[in-house]
Amino acid sequence: MSVQQNDFSKWYIDTIQKADLMDYTPVRGCIAFKPDGYELWERIQAEMDRRFKETGHRNAYFPMLIPESFFQKEKDHIEGFSPELPWVTEAAGEQLEERLALRPTSETMIGHLYSDWIKSYRDLPVLINQWANVFRWEKKTLPFIRTSEFLWQEGHTAHVDEEDARKETMQMLQVYKEVVEDLLAIPVYDGQKTPSERFAGAVDTYSIEAMMKDGKAVQAGTSHYLGTKFAEAFDIKYLNKENKHVHVHTTSWGTSTRLIGAMIMVHGDEQGLVLPPKMAPTQVVLIPVGPWKKKPEIVENLDKVFAELKAKGIRVKLDDSDQSPGYKFNEWELKGVPVRVELGPRDLENGQALMKARDAEEKTAVALDDLVASIENELTVMQTRLYDKAVAFREENSHTHVDTLDELKAHIESSQTEGKIPGWILGGWCGEDACEENVKEETKFTTRNIPFNPPTEKKTCVNCGKEAKHSVWFGRAY
Ligand SMILES: [Zn+2]
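For reference, each letter of the sequence shown is one residue, going 11 to 488 in the numbering used here.
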């Protein structure tokens, strides 16, 4: 069995280290993003930000330190977050009168301010997003996927009524789905979280869920309808057209740097990192091979290709360092560069170059005259190919034939014997927390979401056998 199949977490750590994406620091659970890792975040940021602005949102920034009393105002919120909060208790050598939390999310600070900013129906909707770092002190950490400090965006909006707020909640979930599928080439199931998996303080939480190559789930983005809970806690009221003071309805929604981890776990292969072309910091690398230094035409040709690609906005590098071609191939492969082009004396004689896509087995010979067009085409084709492969993998490992807890246990066991991953199962659920809890205890499978478009409707609860209210994706999760 390969390392990726045999020991997925070792494969993952090796992959991100060899690709030089991050480094550990002496602060537990806090990583440094190296330039190749940070650029992945910048690409996600750029596309998300474009979509947020297109849908009428603007960016703002709120403080990182949040007074303890703010958390006490919303009961569910403090219960959900208090176990993970780091606190600042002292400054300038003096004990603070009130301790300050490093934000785990900003509903409370923003709620406090919105109560001042919003006075009339004319002030609504408020459509604000923040790009920031947040802290959630995690017991078990994994670079990009779960860290004590991470980068994210959090949208916080306020609306005149439930209808408008719910429309916003669903709109932003859809934006997330489109960006994750189109830019990161990761297929996701969109749906609603069960009450036990809801965001602390939300009325309804919706998510997009992605399947990693080890069959585990990553919650790739969430969007919450908060009702009037935070509006009541922070007294956010407005004067409506009937001259009455009423509470606003709020939403919040977020995606984070864990998307980087998800992308690595969805597309990576035995050799390591595979980057979708739209995400890759370097999309194409040009490498002279053979005794190329004796033939200046080789680098001249590559220079020309380099200039043409660059003019088209393609991120290209020419590697004319004095390392051996084999060493260079390996280095760029570990970095997940989508397309590699080789040109040596014999290729030049034949009027061609060799091109290799990161996820392809073979190199292909391409006429020099067609090279730029072929590279451009390959970048487009590869983006779609990676998405299609991920869809096929997910379909293969999304099981709809499991109806009872015993069948689920048998399914997990037979997967193990056959050296397969258990993937996810679509199970019926009666709506009782206890049933969800029991499935988790017995199998470590948790509810991912209630998909909007389930492949089939399940009739009975996978745990108790009573009538099912919902069909739910169950799987192990990060
Ligand atoms: Zn049940």
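Backbone N, C-alpha and C define an ideal beta-carbon position, used for all residues, glycine too.
Local conformation of residue i per DSSP, three classes
{"i": "D59", "result": "helix"}
{"i": "M32", "result": "strand"}
{"i": "C445", "result": "helix"}
{"i": "I23", "result": "helix"}
{"i": "N69", "result": "strand"}
{"i": "D214", "result": "strand"}
{"i": "H166", "result": "strand"}
{"i": "K506", "result": "There is no way to answer for residue 506, as the model of the chain reaches only from 11 to 488."}
{"i": "V198", "result": "coil"}
{"i": "T390", "result": "helix"}
{"i": "L95", "result": "coil"}
{"i": "T118", "result": "helix"}
{"i": "T427", "result": "helix"}
{"i": "R268", "result": "helix"}
{"i": "V326", "result": "strand"}
{"i": "P465", "result": "coil"}
{"i": "V190", "result": "helix"}
{"i": "E318", "result": "helix"}
{"i": "G282", "result": "strand"}
{"i": "E341", "result": "helix"}
CA-to-CA distance, residue j to residue i, given in whole angstroms
{"i": "A444", "j": "A210", "result": "19 Å"}
{"i": "F244", "j": "E117", "result": "10 Å"}
{"i": "I415", "j": "I218", "result": "In the sequence under discussion, the amino acid at residue 415 is Leu, which differs from the Ile named in the question. Taking the straight line joining both Cα atoms gives about 25 Å."}
{"i": "V318", "j": "H67", "result": "Per the sequence shown, residue 318 should be read as Glu rather than Val. Roughly 37 Å separates the two Cα atoms."}
{"i": "M180", "j": "I460", "result": "14 Å"}
{"i": "F80", "j": "M119", "result": "7 Å"}
{"i": "L436", "j": "P335", "result": "48 Å"}
{"i": "R325", "j": "I385", "result": "12 Å"}
{"i": "H364", "j": "V294", "result": "Per the sequence shown, residue 364 should be read as Leu rather than His. Distance between the alpha carbons of L364 and V294: 13 Å."}
{"i": "H259", "j": "R61", "result": "23 Å"}
{"i": "E252", "j": "N139", "result": "30 Å"}
{"i": "L112", "j": "L269", "result": "22 Å"}
{"i": "K399", "j": "K338", "result": "27 Å"}
{"i": "V256", "j": "T167", "result": "16 Å"}
{"i": "K303", "j": "D369", "result": "29 Å"}
{"i": "F8", "j": "C440", "result": "No answer is possible for residue 8: it lies beyond the span of the chain, which begins at 11 and ends at 488."}
{"i": "A227", "j": "D413", "result": "20 Å"}
{"i": "T427", "j": "E371", "result": "29 Å"}
{"i": "Q281", "j": "K20", "result": "13 Å"}
{"i": "K288", "j": "Y216", "result": "26 Å"}
{"i": "V190", "j": "E108", "result": "40 Å"}
{"i": "H411", "j": "G231", "result": "27 Å"}
{"i": "P291", "j": "E104", "result": "46 Å"}
{"i": "Q202", "j": "L183", "result": "10 Å"}
{"i": "D171", "j": "F484", "result": "33 Å"}
{"i": "D330", "j": "I308", "result": "11 Å"}
{"i": "I23", "j": "L283", "result": "11 Å"}
{"i": "Y397", "j": "P77", "result": "44 Å"}
{"i": "H409", "j": "F145", "result": "35 Å"}
{"i": "V482", "j": "H234", "result": "19 Å"}
{"i": "N448", "j": "N473", "result": "7 Å"}
{"i": "L8", "j": "P114", "result": "It is not possible to answer for residue 8, since the shown part of the chain is limited to 11 through 488."}
{"i": "E52", "j": "V213", "result": "32 Å"}
{"i": "Q14", "j": "M222", "result": "12 Å"}
{"i": "A478", "j": "W141", "result": "40 Å"}
{"i": "T5", "j": "H480", "result": "Not covered by the structure: residue 5. The range shown for the chain is 11 to 488."}
Per DSSP, cross-strand counterpart(s) of residue i
{"i": "I297", "result": "E352"}
{"i": "E159", "result": "F145"}
{"i": "S408", "result": "W434"}
{"i": "E477", "result": "T470"}
{"i": "G485", "result": "T456"}
{"i": "Y248", "result": "V256"}
{"i": "T374", "result": "M365"}
Is the segment 345–354 touching the segment 386–395, taking contact as three or more C-beta pairs under 8 Å?
-> The answer is yes - the segment 386–395 touches the segment 345–354, with three or more Cβ pairs under 8 Å.
State whether the segment 257–268 contacts the segment 145–163, with contact taken as three or more CB pairs (one from each stretch) at a distance under 8 Å.
-> Yes, the segment 257–268 touches the segment 145–163.
Are the segment 297–310 and the segment 165–177 touching by the rule of at least three beta carbon pairs closer than 8 Å?
-> With a cut-off of 8 Å on Cβ pairs, the segment 297–310 is not in contact with the segment 165–177, counting fewer than three such pairs.
Taking a cut-off of 7 Å, which residues have a beta-carbon closer than that to any heavy atom of ligand 1, in chain order?
-> The answer, residue by residue, is W439, C440, E442, C445, C471, N473, C474, K476.
Is the segment 448–457 touching the segment 410–427 in the sense that three or more CB pairs, one from each, lie closer than 8 Å?
-> Under the three-pair Cβ rule at 8 Å, the segment 410–427 counts as touching the segment 448–457.
Can we say the segment 276–286 touches the segment 189–203, given the rule of at least three CB pairs closer than 8 Å?
-> By the Cβ test, the segment 276–286 is in contact with the segment 189–203, since at least three Cβ pairs between them sit closer than 8 Å.
Give a yes or no on contact between the segment 369–387 and the segment 303–323, applying the rule of three or more CB pairs nearer than 8 Å.
-> Touching, per the Cβ criterion.
When the Cβ atoms of the segment 126–133 are set against those of the segment 85–97, are three or more pairs found closer than 8 Å?
-> They do not touch, by the three-pair rule.
Pairing CB atoms from the segment 22–42 with CB atoms from the segment 145–161, are three or more of them under 8 Å?
-> Proximity of the segment 22–42 to the segment 145–161 meets the contact definition, three or more beta-carbon pairs being nearer than 8 Å.
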